[in-house]
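These protein sequences, in sequence, are chains A, B, C and D. Mind the numbering: the first sequence is residues 671 to 1015 in the working numbering, read in order. Mind the numbering: the second sequence is residues 671 to 1015 in the working numbering, read in order. Mind the numbering: the third sequence is residues 671 to 1015 in the working numbering, read in order. Mind the numbering: the fourth sequence is residues 671 to 1015 in the working numbering, read in order. Cβ atoms here follow ideal geometry from the backbone N, Cα and C, with glycine treated the same way. What follows is one structure encoded as structure tokens, with my remarks underneath.
Protein chains: 4
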Amino acid sequence: MFSFECDYHEGAHPRILQRLIDINLEQLPGYGEDEYNARAKDRIREACGTPEADVFFFGGGTQTNVTVIDSLLETYEGVVSAETGHVNCHEAGGVEFTGHKVLTVPNRDGKVAPEDLQALLDTFWGDEAWEHIVFPGMLYISHPTELGTLYTKAELQALAEICHKYDMPLFLDGARLGYGLMADGTDVTLRDIAEITDVFYIGGTKVGALCGEAVVFPRGNAPKHFFTIMKQRGAVFAKGRVPAIQFDVLFEDGLYFELGQNGIDKAKKIKKVFTDRGFKPYSDSPTNQQFFILEDEFADKLREQVFFETSKRLDESHIVARFCASWCTTDEMVDKLAEIIDSLM
Amino acid sequence: MFSFECDYHEGAHPRILQRLIDINLEQLPGYGEDEYNARAKDRIREACGTPEADVFFFGGGTQTNVTVIDSLLETYEGVVSAETGHVNCHEAGGVEFTGHKVLTVPNRDGKVAPEDLQALLDTFWGDEAWEHIVFPGMLYISHPTELGTLYTKAELQALAEICHKYDMPLFLDGARLGYGLMADGTDVTLRDIAEITDVFYIGGTKVGALCGEAVVFPRGNAPKHFFTIMKQRGAVFAKGRVPAIQFDVLFEDGLYFELGQNGIDKAKKIKKVFTDRGFKPYSDSPTNQQFFILEDEFADKLREQVFFETSKRLDESHIVARFCASWCTTDEMVDKLAEIIDSLM
Amino acid sequence: MFSFECDYHEGAHPRILQRLIDINLEQLPGYGEDEYNARAKDRIREACGTPEADVFFFGGGTQTNVTVIDSLLETYEGVVSAETGHVNCHEAGGVEFTGHKVLTVPNRDGKVAPEDLQALLDTFWGDEAWEHIVFPGMLYISHPTELGTLYTKAELQALAEICHKYDMPLFLDGARLGYGLMADGTDVTLRDIAEITDVFYIGGTKVGALCGEAVVFPRGNAPKHFFTIMKQRGAVFAKGRVPAIQFDVLFEDGLYFELGQNGIDKAKKIKKVFTDRGFKPYSDSPTNQQFFILEDEFADKLREQVFFETSKRLDESHIVARFCASWCTTDEMVDKLAEIIDSLM
Amino acid sequence: MFSFECDYHEGAHPRILQRLIDINLEQLPGYGEDEYNARAKDRIREACGTPEADVFFFGGGTQTNVTVIDSLLETYEGVVSAETGHVNCHEAGGVEFTGHKVLTVPNRDGKVAPEDLQALLDTFWGDEAWEHIVFPGMLYISHPTELGTLYTKAELQALAEICHKYDMPLFLDGARLGYGLMADGTDVTLRDIAEITDVFYIGGTKVGALCGEAVVFPRGNAPKHFFTIMKQRGAVFAKGRVPAIQFDVLFEDGLYFELGQNGIDKAKKIKKVFTDRGFKPYSDSPTNQQFFILEDEFADKLREQVFFETSKRLDESHIVARFCASWCTTDEMVDKLAEIIDSLM
């Protein structure tokens, strides 16, 4: 298999696996009550500049999104998301399974625009029948978005301002946060996110971990008994070491940021491969997901030699194809991709 | 209060109240096991031409929609609806509360177009990631729609054909069915609906009952133990006579259809009042809800003397106003409305 | 049908039906925004001595219990109930459908004993693994209980004291409250209940209404947006007059209490019929439900002439039979019951 | 930390970690579509003697139990369990969160007795009001049970016979199955379980894996679209290799059974340590969990040097203490435990 289809094709950074081996037979308390959990959480608090933060480890993104969203909403509230948001599209109705509607706003290159959020709120609160309608209860955004795009700090602040005026928590899905933080030109740091949002998660699965996402409530503002809420959803690891060791290693010596940087560097190289050969990018993604417009015929031939994702059909003879770089993509892999493309032109 | 705001401002047809009095001290078994339930259900079966039908009585529309939809969907399925559908807009997230997503298609004058349904299905089944997406599990339509419009028999058949090809039940919300059946020019009868759909309900609340909706599974195709499902949602009347007597009277001697006809006649008269005076209809509704475009200034003055609903804001200086006729609207009421309008012009 | 099977075999008190007729064609705003709702709620506030109370009308008991319980619990909490509690036994899992466990304590003649509640709390909070266990989040009691028994004021206060120490709301299901309040020897008044509990409901269906239960949050302590929560569960009447008129009449001139008194008087007469003839009561119920131990053979013969409920099998040759008096039971009915029994002895 | 508190204090068998390293940079499709998943599932099918089985990998026990149970129940059904069952006690209401009641029968040394199951079914189906009651929809048992006990093959068959008569699936929770299969005197093999039950899971977390449970529907009888159901609950690993490699190794060359045998051997040694010194076992557990009655004073002193779980308080001066052996318990650990005990006597 030779693939740029996604950023979770390989295992984990070798230092993570080695650390699991190093402590393998240490007896540790279950359910995250161990010292490695404590240390990993401290490292995340340190990186975020939020000594008071509550930190929890989940196994995967859908579980994280659904649990955080349900725990923050009242029964009569829904979560606002871009129509392209992961919670709206690719979680098999996980949010609805917990009883809540996803209220959508148009996607602007994958992002929620402050004016669209405000318009949704104006429509709701201005409706004579508002008490018969799902209340907008929180905002979900992803950074990077599903289209690889990034918010600016000003955009995040504008969204947060609206949210807080309406008493709505702002939740940032950082499944690919490592790549977002290291993108060229971004003015958003991890500390900015911790300061601006009410809850966010730092994605491990797509940035060098086997599995694991770290949810951060930056001001110690986790819902009461969040552990039990996690347990009820089956989201607690009996062997708490599994996610903890991974984040302990990722946030030791800045490995998480290094891995993010590798994804960015290789994505830029991929972009150059395509644009040098005249392919048109579909979006101007500064992160590890790169989208290009391919003719069907070419796409079919390319697919015989390399895996990539068909994002969507653009028109009768073109698709939008996604190529992902990741924490472990190598220069050799991108060179091979270039060779394959050249051989087909 | 002088109002055309909705079709549930008054009580019930006097014959219904009289019948409740007539049998008041008869001892009847609880939970619908009585003879009046049996008779009312038989009358509905007769009117629908479906001797095998399962019939159940609910107290109100939201409860009906939510219970029927949840009982027909698998946990991984959602219900397809026009974006203007009642279940999507005005039931406070009742469907989502039971764990299911509402999958929307564009509204075409309040209706679901077969080609839009087909497009949604094509998109779903054509998506590489379909197993990560909510399955389209059934179709919800309303007839008349929330905009007062009606399906033709051919349109209903086209929708049913697609539904059955994909093994999706077709559910018709008939909250205002009485008005739909008696509208000028419609080619859809109650028997057509019973033949074409998989489940529908005959609305009582808006057509002469105090409360009550009759759900019909025309081919005896109710989900197993539907009574217990109703009980679990708190939808069973201990005194089963309450809804039963109402439908018993409504389907005795064709009263339901007479009441529907009155709503249609008065709606046509309302329409004439407005159009004669140069007001523009917003939609071409053949049923008891009439929508007109009003200037803000005029609307404000009119609102001082008569209640009506603001459907939505059209532009900076105009709204869409809804005027409802009902089973008990009188000629005098419409004449008075005309006088008020004249006095303001 | 000649029946003492339950207290919801007949319709409604004639004054209620008459009032529905009197105002039948008055146009009233929908969803409870009308003057009769306002007046009925004021009358209930007055009767309870709680001018600040929030009052809401539901259509039936299961819907009421489930909605109140779910609205007061956090997602990780369950409701404590006697094992014989209606919510645990006869609501088809309505509470569980909303996501919450019913945590049971032994029934003591249908009642929750303070020491059993305390024991459950001690066990929970003393368990090493408490964070993995459903939290006891509120207490549900019924008064009268499912066995016809009543709490004393001191017992209610003792339960309330424990509840409040643990920050658990105390919810009293008053489906048959009218009978409980008028029982001989009770020291519990409606005002006591309003003072001691956090939420309770005044049952209409079993005390003279067609349908309807009035939920009272005595200190204006309803959950935020409780109307929308009701709407989401399909518990709002479009024609708000339906429950309102019933409670308006029931709480005008003390009718509710009169109807309760009739149930008590006739229940005492039923009790005398049985005990005079040597039948053993199963419980010492001071309210409208009377339980007697009947031999199978006798029960079978009796059942041919009068309906009654088999509460449970006691042993191989005896059952516990329930005979209910109600708001409209007459002396003649009880006399006839006595005659039938005599004819079988 | 020196502990016999549970069987998930250590990491994973070294061969598992080594295999993760060996294939670390192989690019594999996501979500379990890889060759290692295929191979691991085949090995499990082979071990179970069920070539048609559907096999799915979960991350942990609560998630597994809740997802399997909800996917097999109708909305009006609950799951029958011993009152001591894990799903009833220690999953924070996970089953109820999905809308279902846990219907309890008495525990007989942690087991469900066929006669108790039959009695519950008789009570339900014999109740006049059965349609108002949660239906018994499936049976949940654990093997070994929460008290370390085991079913005999005849007991399993007797339960299955009742279940199938009532059309209820039989689900066996095998969180500690490895220990159960290797216990002295058991006549139940993995193939028996696959033949007798309708669904079961093979626990990895407590038998040598980092995390992971393998659900087996032995006759290819998984609910439709079970993958999407898992996805909706957040139970799908993006990197499907994580659970697959673990089961691939565990079911290669019989490692799973070897690890189970080690737990049994060390448990027997622990039992001897206690009984030789006059301590009374609380139950006659043939598996890796051993329960002893300890005086409070002794327990407190012992607890200063070794971790163990307090199962429950037995009386005013005694507790029941649990000591677990596991796949990696050594003779040296048990010897050290014996020394500590001797030093305190």
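*How is T945/B classed by DSSP in three states: helix, strand or coil?*
Looking up residue 945/B in the second sequence gives position 275. In this structure, T945/B counts as helix in the three-state DSSP scheme.
_With a threshold of 7 Å between beta carbons, is H770/C in contact with chain A?_
Here residue 770/C refers to the residue found at position 100 when the third sequence is read from its first residue. Judged by the 7 Å Cβ criterion, H770/C is not in contact with chain A.
_At 4 residues or longer, what runs of the alpha helix (DSSP H) sit wholly inside the region 878-927 of chain C?_
Qualifying alpha helix (DSSP H) stretches, in chain order: 896-902 and 911-920.
_Let me see if you follow: with CB-CB separation under 7 Å, is F907/B close to chain A or not?_
If you number the second sequence from 1, residue 907/B lands on position 237. Taking Cβ atoms only, chain A never reaches closer than 7 Å to F907/B, which makes this a no.
*Relative to chain C, which residues along the region 797-828 of chain D have a C-beta separation below 7 Å, given in chain order?*
Those residues of the region 797-828 of chain D that come within reach of chain C (Cβ to Cβ, closer than 7 Å) are E798, A799, H802, I803 and V804.
_Less than 7 Å between CB atoms is the rule here; does I940/B satisfy it with respect to chain C?_
Numbered from its first residue, the second sequence carries residue 940/B at position 270. Judged by the 7 Å Cβ criterion, I940/B is not in contact with chain C.
*Does the beta carbon of Y836/B sit closer than 7 Å to a beta carbon anywhere in chain D?*
Taking the first residue of the second sequence as position 1, residue 836/B is located at position 166. Contacts with chain D at 7 Å (Cβ-Cβ) do not include Y836/B.
_Where G760/A meets chain B, residues with beta-carbon distance less than 9 Å_ = For this step, residue 760/A is matched to residue 90 along the first sequence. For the record, residue 760/A in the displayed sequence is His; it is not Gly. A799, H802 and I803, listed in chain order.
*Does F767/A have its Cβ less than 7 Å from a Cβ in chain C?*
Stepping through the first sequence from its first residue, residue 767/A is reached at position 97. No, because no Cβ of chain C sits closer than 7 Å to the Cβ of F767/A.
*Backbone secondary structure at D868/C - three-state DSSP*: If you number the third sequence from 1, residue 868/C lands on position 198. Correct three-state label for D868/C: coil.
*Could you tell me whether the Cβ atoms of P888/B and T734/B are closer together than 7 Å?*
Indexing the second sequence from 1 puts residue 888/B at position 218. Indexing the second sequence from 1 puts residue 734/B at position 64. No. Outside cutoff.
*Would the region 788-805 of chain C and the region 726-742 of chain C be scored as touching if the rule is three or more Cβ pairs under 8 Å?*
Output reads no: the region 726-742 of chain C does not touch the region 788-805 of chain C.
*Who are V990/D's beta bridge partners in DSSP?*
The residue given as residue 990/D occupies position 320 in the fourth sequence. Answer by DSSP bridge pairing, in chain order: I963/D and K982/D.
*asked:* Using the three-state DSSP reduction, which class does T774/A fall into: helix, strand or coil?
replied: Reading the first sequence from its first residue, position 104 is the one you call residue 774/A. Strand, per DSSP.
*Beta-carbon separation of M671/B and Q697/C under 7 Å?*
In the second sequence, counting from the first residue as 1, residue 671/B sits at position 1. In the third sequence, counting from the first residue as 1, residue 697/C sits at position 27. The beta carbons of M671/B and Q697/C sit closer together than 7 Å.
*So what's K1042/B in DSSP terms, helix, strand or just coil?*
Missing from the structure shown is residue 1042/B; chain B here goes from 671 to 1015 and no further.
*Is any heavy atom of the ligand MN found at a distance shorter than 6 Å from the C-beta of A799/B?*
This structure does not include the ligand MN; it has no bound ligands of any sort.
*Residues of the region 964-985 of chain A with a CB closer than 9 Å to any CB of chain B: list them in chain order, please.*
Within the region 964-985 of chain A, the residues whose Cβ lies closer than 9 Å to some Cβ of chain B are E979, T980, K982 and R983, listed in chain order.
*If you check the beta carbons only, do D786/D and L817/D fall under 7 Å apart?*
The residue given as residue 786/D occupies position 116 in the fourth sequence. The residue given as residue 817/D occupies position 147 in the fourth sequence. For the 7 Å CB-CB criterion, D786/D and L817/D do not form a contact.
_Helix, strand or coil, according to DSSP, for A682/A in the structure here?_
Within the first sequence, the letter at position 12 stands for residue 682/A. DSSP places A682/A outside both helix and strand once states are collapsed to three, so it counts as coil.
*asked:* Can you look up I693/D in the DSSP assignment and give me helix, strand or coil?
replied: Residue numbering aside, residue 693/D sits at position 23 when the fourth sequence is read from its first letter. The answer is coil: DSSP assigns I693/D none of H, G, I, E or B.
_Spatial distance of A824/A from E761/B (CA atoms)_ = Counting from 1 along the first sequence, the entry for residue 824/A is found at position 154. Counting from 1 along the second sequence, the entry for residue 761/B is found at position 91. Approximately 36 Å between the Cα atoms of the pair.
_Can you give me the C-alpha to C-alpha distance between Y810/D and C718/B, rounded to a whole angstrom?_
The sequence position of residue 810/D within the fourth sequence is 140, counting from 1. The sequence position of residue 718/B within the second sequence is 48, counting from 1. Straight-line Cα distance between these residues: approximately 44 Å.
*Members of the region 871-902 of chain C that neighbour chain A once the beta carbon cut-off is set at 8 Å*: If the cut-off is 8 Å between Cβ atoms, the region 871-902 of chain C has K894, H895, F897, T898, I899, K901 and Q902 near chain A.
*Name the chain C residues that come within less than 8 Å of T745/A, Cβ to Cβ?*
The count along the first sequence starts at 1 and reaches residue 745/A at position 75. Within 8 Å Cβ-Cβ: D740, S741, I899 and Q902.
_M900/A burial status per 10 Å Cβ neighbour count (16 or more: buried)_ = Here the question's residue 900/A lines up with position 230 in the first sequence. Flag for M900/A reads buried.
*For M852/A, count neighbouring Cβ atoms within 10 angstroms of its own Cβ and tell me buried if that reaches 16, exposed if not.*
Along the first sequence, one-based indexing puts residue 852/A at 182. The Cβ neighbour count for M852/A, taken over all protein chains shown within 10 Å, is at least 16; the residue is labelled buried.
*Looking only at its own chain, which residues have a Cβ that is under 6 Å from the Cβ of A799/B, when we skip the five neighbours before and after it?*
By 1-based counting over the second sequence, the position of residue 799/B is 129. So no residue of the chain qualifies.
*Can you give, in chain order, each stretch of the beta strand (DSSP E) that sits fully within the region 753-828 of chain C and has at least 3 residues?*
List check, beta strand (DSSP E) in window: 772-775 and 805-812.
_Could you check whether the Cβ of M671/D sits closer than 7 Å to any Cβ belonging to chain A?_
Counting from 1 along the fourth sequence, the entry for residue 671/D is found at position 1. It does; some Cβ of chain A falls within 7 Å.
*Kindly indicate if chain A contains any beta-carbon less than 7 Å away from that of Q788/D.*
Residue numbering aside, residue 788/D sits at position 118 when the fourth sequence is read from its first letter. So, not an interface residue.
*Given a threshold of 16 other Cβ atoms within 10 Å of its Cβ, counted over all protein chains shown, does D1000/C qualify as buried or as exposed?*
Here residue 1000/C refers to the residue found at position 330 of the third sequence. Before going further, note that residue 1000/C is Thr rather than Asp in the sequence given. Label assigned to T1000/C: exposed.
_Counting only beta-carbon separations shorter than 7 Å, does T732/C have a partner in chain B?_
Locating residue 732/C in the third sequence gives position 62, counting from the first residue. At least one CB of chain B lies nearer than 7 Å to the CB of T732/C.
*Answer yes or no: do G844/D and G878/D have a C-beta to C-beta separation smaller than 7 Å?*
Your numbering for residue 844/D matches position 174 in the fourth sequence. Your numbering for residue 878/D matches position 208 in the fourth sequence. Against a cut-off of 7 Å, the Cβ pair of G878/D and G844/D comes out as no contact.
_Distance cutoff 7 Å, beta carbons only. Does G910/B sit that close to anything in chain A?_
Translated into the one-based positions of the second sequence, residue 910/B becomes position 240. So no, G910/B is outside the interface.
*asked:* I need the straight-line Cα distance from P776/B to P776/A, nearest angstrom please.
replied: Here residue 776/B corresponds to residue number 106 of the second sequence, with the count starting at 1. Here residue 776/A corresponds to residue number 106 of the first sequence, with the count starting at 1. When rounded, the distance between both Cα atoms is 14 Å.
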